[in-house]
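Here is the structure we will look at.
2 protein chains.
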Amino acid sequence: MVGMLYVNSERLWGRINDLAQVGAIDGTLGCSRLALTDEDAEGRRLVITWMQDLGMDIAIDGIGNVVGTWYGPDTDRDLPAVMTGSHIDTVKTGGRFDGNLGVLAGLEVIETIAEQGLSPVHPISVGFFTGEEGSRYAPDMLGSLVYVGGLGLESALDISGIDGTKVGEELDRIDFRGQSPCPGPIPKAFIELHIEQGPILEAENISIGAVDSVQGISWTQITIEGQSNHAGTTPMHMRHDAGWVAGEITSYVRHLVSEIGGNQVGTVGKIDLVPNLVNVVASKATLTVDLRNTDDEILKHAEQELANFCDTLSSQEKVQIHREVLARFEPVAFDKALVGEVIRVSESLDISVKQMTSGAGHDAQMFARVCPAAMIFVPSENGLSHNPAEFTSQREIEDGSNVLLQIMAKLSGLRHD
Amino acid sequence: MVGMLYVNSERLWGRINDLAQVGAIDGTLGCSRLALTDEDAEGRRLVITWMQDLGMDIAIDGIGNVVGTWYGPDTDRDLPAVMTGSHIDTVKTGGRFDGNLGVLAGLEVIETIAEQGLSPVHPISVGFFTGEEGSRYAPDMLGSLVYVGGLGLESALDISGIDGTKVGEELDRIDFRGQSPCPGPIPKAFIELHIEQGPILEAENISIGAVDSVQGISWTQITIEGQSNHAGTTPMHMRHDAGWVAGEITSYVRHLVSEIGGNQVGTVGKIDLVPNLVNVVASKATLTVDLRNTDDEILKHAEQELANFCDTLSSQEKVQIHREVLARFEPVAFDKALVGEVIRVSESLDISVKQMTSGAGHDAQMFARVCPAAMIFVPSENGLSHNPAEFTSQREIEDGSNVLLQIMAKLSGLRHD
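Quick note, the sequences are listed as chains A and B, same order.
Take the numbering used here: the final residue in the first sequence is number 417, and no numbers are missing along the way.
Take the numbering used here: the final residue in the second sequence is number 1417, and no numbers are missing along the way.
Written out as structure tokens, the structure is:
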């Protein structure tokens, strides 16, 4: 515990608001800075200016990840850095906190340490990673994936976006294709501060989430081919009703999730019927099933149960059911010691804390492949995110940033009298 | 029984095919003659030519219904006519049999009688009624509704269509706004030959349906307002999932129908989710429920049970559920004696027959308000209708038309030695 060292939340709040002016969505709190657009470039340049003001060394790698590193007077430049960070790209109609908070809180940690004339043993790095949202270029978490060597640079540069552009060409266009190598230097540890993007902390009136894992994700698209028929003239036993089958699967997913319990979640968010008319039995239905669990074995069990249910329905209603995997990510476990540290530090600061899982993906999960990693969550008002109305109060951000500060201080071996 | 009198099915088949050339959908058996379009007008003129060739008197009323009346040498012109007929308008991508069969079989009945030099006591009329399909102007069965006085002529002329046109203006444009009065003369009886538009006769290998009733129809649109949330970060117990509720209702409708049994049918043919994305809990869902029964009390019971289920779901998932009646028609019972006649005549012709209900609406149900009415169904291949692939064989049409001929002959008091 580094006593009496606290972030300046006013300064941090100011930077969050300044960055939110770039790509601001008029009349809202929100931002639109899709990865590698002009707005993203302008945001990048602003954050780099702030890094330079703090005397940080700037490294830009081949996929456009920007890592600023700060050395105190007594820092050993040969030691691996303690890294924090996140992303500054947004979804098309995003908020000002998602990602940006983690990057700017990192800068605030450094400024707090620097203005006290203190010095860490390890360098401290703050990174912002290219294309975390995946809204313009898939996959999401692209920059951090390339940073840790999970995807080759050439393959990443060749990715085409929703607008037909290529990652490499857009990096060149905005002048953010750097010379630093990919994969990048492995940090001593990686810790990311992020908004929860869910309702749990707010609902339980808790200030800090000590994130111990990221849920595994299974997305399945189910296509049902039945037979179009007149809703009035076709007896029930002669129907092959794709719409009814879609309804049964939607109902079953909730039942399955409830049976499995624990942190299992399941969602049917998309249903499309053909011809989608009041008086016609649907000939075709397409729906998606989103299943998530922190335990991959349970997630596989859920997938198998869903498949079995589809098979049963298929023979019962005499329809064809086709399942297609749209996405599949294994769960990620964060470093136990680091998660314990988040809890310990929060408690010592008298800030309420809860160990929890992340339902969404984050850059920190990529770093979990190569070094100890963990995350700190702060509450999201009404659980909203990916929405201009996304909001976390200055006080909540202050708490989260102070927890981040203490952990960075400890990991970097900050000397403090 | 008028012995040895049979229709000429080759001639009837020829007229069906000739009329199908008007508004033909290239490369299919189908037709597109929406009510009061140029194609409808051309079809109307062709059928009127055939009526005139048979020496029929043509009456066109204010809503464009065309009724041709035939008198034999010994017919008493003061007696009410025995009427048959149907419609020649089609849905946008319709078949060649729906409606057209009933009109052209009526002409064939007259031609068969006339060429034998026979004479009925009562006049025989064949009508085709404006806008039965309801595809361009709602409600469906518009012309026959106005004919029997169920809707005032001025109101009917003022109806706006899906393309913004008005019935009265389009009638003027195609020159089919006639002088005959609405409501029209009440016939002695009305009997309509129609394709089944369902799979029952084919499945049971039966040639004739003696239609004793038309199902009551209840269409409800259900709108569910829940809350949009992240599919990964929102615990199940904190969801207000409009998509799940839509699935439950879809599943429940089948369950309800099965519990009620009998001829109850129920269909969810339309489901729309918002925002309809794989990883977002739906904030809103709209679905339709089509319920039909020949017994209005049971239909009301089904509607009430559905409403109760929605109320239960609404409190369980904490979503708003709004129900709106899109359409509601009471069941129609046809004349028992006339239905019995269809059965008796079929059996005496050695044609298999089954008493059954109609799941779809027909012009005959409007005439049931003012005179004895019934219908004769012939099989639909694969139960298909409102589809260019709609098909009924020449042999099946011949059987149906011979049943129609015998009944018309008997009702009109045909003298035959």
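Cβ atoms here follow ideal geometry from the backbone N, Cα and C, with glycine treated the same way.
Predicted model only: the values in this text are computed from it and were never measured.
Run through chain A and tell me which residues come within less than 7 angstroms of Gln1197 (chain B), C-beta to C-beta. Locating residue 1197 (chain B) in the second sequence gives position 197, where the first residue counts as 1. Within chain A, the residues near Gln1197 (chain B) are His230 and Thr233.
For the alpha helix (DSSP H) holding Leu1291 (chain B), just list the boundary residues, first then last. Taking the second sequence and counting its residues from 1, the one referred to as residue 1291 (chain B) is at position 291. Leu1291 (chain B) -> not in any alpha helix (DSSP H); beta strand (DSSP E) instead, spanning Lys1284 to Asn1293.
Please state if the CB of Trp70 (chain A) and the CB of Ile16 (chain A) are separated by a distance shorter than 8 angstroms. Numbered from 1 along the first sequence, position 16 holds the residue referred to as residue 16 (chain A). Numbered from 1 along the first sequence, position 70 holds the residue referred to as residue 70 (chain A). Contact flag unset, no.
Suppose the cutoff is 7 angstroms on Cβ atoms and the five residues either side in sequence are ignored; what does the same chain contact list for Gly1106 (chain B) look like? The sequence position of residue 1106 (chain B) within the second sequence is 106, counting from 1. Cβ neighbours of Gly1106 (chain B) beyond the five flanking positions: Thr1084, Gly1085 and Val1126.
Name the residues in the segment 252–284 of chain A whose C-beta lies less than 9 angstroms from a C-beta of chain E; which are they? In the structure shown, chain E cannot be found, because the protein chains are A and B.
When DSSP labels each residue in this structure, what does Thr312 (chain A) get in the three-state scheme? Taking the first residue of the first sequence as 1, we reach residue 312 (chain A) at position 312. Looking at Thr312 (chain A) - three-state DSSP - the assignment turns out to be helix.
If I follow the unbroken beta strand (DSSP E) through Gln1052 (chain B), where does it start and stop? For the purposes of this step, residue 1052 (chain B) is identified with residue 52 of the second sequence, where counting begins at 1. Unbroken run through Gln1052 (chain B) is the alpha helix (DSSP H), Asp1038 to Asp1053; no beta strand (DSSP E).
Continuous alpha helix (DSSP H) stretch holding Arg1344 (chain B): start and end: In the second sequence, residue 1344 (chain B) corresponds to position 344, counting from 1. Here the alpha helix (DSSP H) through Arg1344 (chain B) covers Lys1336 to Ser1348.
How about Ser385 (chain A): is its C-beta nearer than 8 angstroms to some C-beta of chain B? Residue 385 (chain A) sits at position 385 when you count from the first residue of the first sequence. Output row for Ser385 (chain A): interface = yes.
Verify whether the separation of the beta carbon atoms of Ala1285 (chain B) and Ile1224 (chain B) is less than 8 angstroms. Here residue 1285 (chain B) refers to the residue found at position 285 when the second sequence is read from its first residue. Here residue 1224 (chain B) refers to the residue found at position 224 when the second sequence is read from its first residue. For Ala1285 (chain B) and Ile1224 (chain B), yes; Cβs fall inside 8 angstroms.
For Val280 (chain A), list the residues DSSP reports as bridge partners. For the purposes of this step, residue 280 (chain A) is identified with residue 280 of the first sequence, where counting begins at 1. Answer is A:His230, bridged to Val280 (chain A).
Between the segment 1347–1355 of chain B and the segment 1187–1206 of chain B, can you find at least three pairs of beta-carbon atoms closer than 8 angstroms? yes
CB of Ala1035 (chain B) within 8 angstroms of CB of Asp1089 (chain B), strictly: Taking the first residue of the second sequence as position 1, residue 1035 (chain B) is located at position 35. Taking the first residue of the second sequence as position 1, residue 1089 (chain B) is located at position 89. Taking 8 angstroms as the Cβ cut-off, Ala1035 (chain B) and Asp1089 (chain B) qualify as a contacting pair.
In this structure, how does DSSP classify Met1004 (chain B) when only helix, strand and coil are distinguished? For this step, residue 1004 (chain B) is matched to residue 4 along the second sequence. DSSP places Met1004 (chain B) in coil when its eight states are reduced to three.
DSSP beta-bridge partners of Trp1219 (chain B): On the second sequence, residue 1219 (chain B) is found 219 positions in, with the first residue counted as 1. For Trp1219 (chain B), which the question treats as bridged, DSSP gives the partners B:Asp1290 and B:Ala1327.
Short of 6 angstroms in beta carbon distance, which residues of its chain neighbour Ser314 (chain A), apart from the five on each side in sequence? Order them along the chain. Within the first sequence, the letter at position 314 stands for residue 314 (chain A). Only Ile321 meet the Cβ criterion.
Gln266 (chain A) and Val257 (chain A) closer than 8 angstroms at C-beta: Position 266 of the first sequence, counted from the start, is the residue given in the question as residue 266 (chain A). Position 257 of the first sequence, counted from the start, is the residue given in the question as residue 257 (chain A). Checking the sequence, you will find Gly at residue 266 (chain A) rather than Gln. Yes, Cβ-Cβ distance for Gly266 (chain A) and Val257 (chain A) is below 8 angstroms.
Which chain B residues are close to Ala389 (chain A), counting only those with a beta carbon under 9 angstroms from its beta carbon? On the first sequence, position 389 is the one that residue 389 (chain A) refers to. Ordered by position in chain B, no residue passes the 9 angstroms Cβ test against Ala389 (chain A), which lies about 11 angstroms from the chain.
How long is the line joining the alpha carbons of Asp98 (chain A) and His1237 (chain B), rounded to whole angstroms? For the purposes of this step, residue 98 (chain A) is identified with residue 98 of the first sequence, where counting begins at 1. For the purposes of this step, residue 1237 (chain B) is identified with residue 237 of the second sequence, where counting begins at 1. Straight-line Cα distance between these residues: approximately 24 angstroms.
Assuming Leu1405 (chain B) contacts Val1109 (chain B) under a Cβ cut-off of 8 angstroms, what Cβ separation, rounded to an integer in Å, is found between them? As a working note, residue 1405 (chain B) is residue 405 in the second sequence. As a working note, residue 1109 (chain B) is residue 109 in the second sequence. Confirmed, Cβ separation roughly 5 angstroms.
Buried or exposed: where does Tyr1147 (chain B) fall if 16 or more other Cβ atoms within 10 Å of its Cβ makes it buried? Walking along the second sequence from the start, residue 1147 (chain B) turns up at place 147. The residue in question, Tyr1147 (chain B), is buried, as its Cβ has 16 or more Cβ neighbours within 10 Å.
Determine whether the Cβ of Thr1049 (chain B) lies closer than 8 angstroms to any Cβ atom of chain A. As a working mapping, residue 1049 (chain B) is identified with position 49 in the second sequence. No, its Cβ sits nowhere closer than 8 angstroms to a Cβ of chain A.
Mapping DSSP to helix, strand and coil, what is Leu1142 (chain B)? Here residue 1142 (chain B) refers to the residue found at position 142 when the second sequence is read from its first residue. Helix, per DSSP.
Considering only the beta carbon of each residue, do His194 (chain A) and His386 (chain A) sit closer than 8 angstroms? Counted from its first residue, the first sequence places residue 194 (chain A) at position 194. Counted from its first residue, the first sequence places residue 386 (chain A) at position 386. Cβ atoms of His194 (chain A) and His386 (chain A): not closer than 8 angstroms.
Counting pairs of Cβ atoms below 8 angstroms between the segment 1166–1176 of chain B and the segment 1035–1048 of chain B, do you hit three or more? yes
Could you tell me which residues DSSP puts in a beta bridge with Leu1094 (chain B)? Indexing the second sequence from 1 puts residue 1094 (chain B) at position 94. For the record, residue 1094 (chain B) in the displayed sequence is Gly; it is not Leu. DSSP output for Gly1094 (chain B) lists B:Cys1031 as bridge partner(s).
Opening and closing residue of the beta strand (DSSP E) in which Gly1269 (chain B) lies: Sequence index remark: in the second sequence, residue 1269 (chain B) carries index 269 (1-based). Taken as a continuous stretch (DSSP letters only), the beta strand (DSSP E) holding Gly1269 (chain B) covers Val1265 to Val1274.
Quick check on the burial criterion: 16 or more other C-beta atoms within 10 angstroms. Buried or exposed for Tyr1252 (chain B)? Taking the first residue of the second sequence as 1, we reach residue 1252 (chain B) at position 252. By the 10 Å Cβ count, Tyr1252 (chain B) comes out buried.
Cβ of Gln116 (chain A) less than 8 angstroms from any chain B Cβ? Translated into positions along the first sequence, residue 116 (chain A) becomes position 116. Not an interface residue.
Enclosing alpha helix (DSSP H) for Phe1423 (chain B) [first to last residue]: Residue coverage of chain B in this structure runs from 1001 to 1417, which leaves residue 1423 (chain B) outside it and unanswerable.
By DSSP, does Gln21 (chain A) sit in helix, in strand, or in coil? Residue mapping note: residue 21 (chain A) aligns to position 21 of the first sequence, counting from 1. Correct three-state label for Gln21 (chain A): coil.
How is the alpha helix (DSSP H) around Ser1258 (chain B) delimited, first residue to last? Taking the first residue of the second sequence as position 1, residue 1258 (chain B) is located at position 258. Ala1242 to Ile1260 is the span of the alpha helix (DSSP H), which, as asked, contains Ser1258 (chain B).
Comparing alpha-carbon positions, which option in B:Ile1222, B:Thr1234 and B:His1122 lies nearest Pro1187 (chain B)? Looking up residue 1187 (chain B) in the second sequence gives position 187. The shortest C-alpha separation from Pro1187 (chain B) is found at B:His1122.
Using DSSP with H/G/I as helix, E/B as strand and the rest coil, what is Met1238 (chain B)? The sequence position of residue 1238 (chain B) within the second sequence is 238, counting from 1. Met1238 (chain B) falls in the helix class under three-state DSSP.
Is there at least one Cβ from chain B nearer than 8 angstroms to Leu326 (chain A)'s Cβ? Counted from its first residue, the first sequence places residue 326 (chain A) at position 326. Output row for Leu326 (chain A): interface = yes.
Contacts of Ile1351 (chain B) in chain A (Cβ-Cβ under 9 angstroms): Mapped onto the second sequence, residue 1351 (chain B) falls at position 351. Ordered by position in chain A, no residue passes the 9 angstroms Cβ test against Ile1351 (chain B), which lies about 21 angstroms from the chain.
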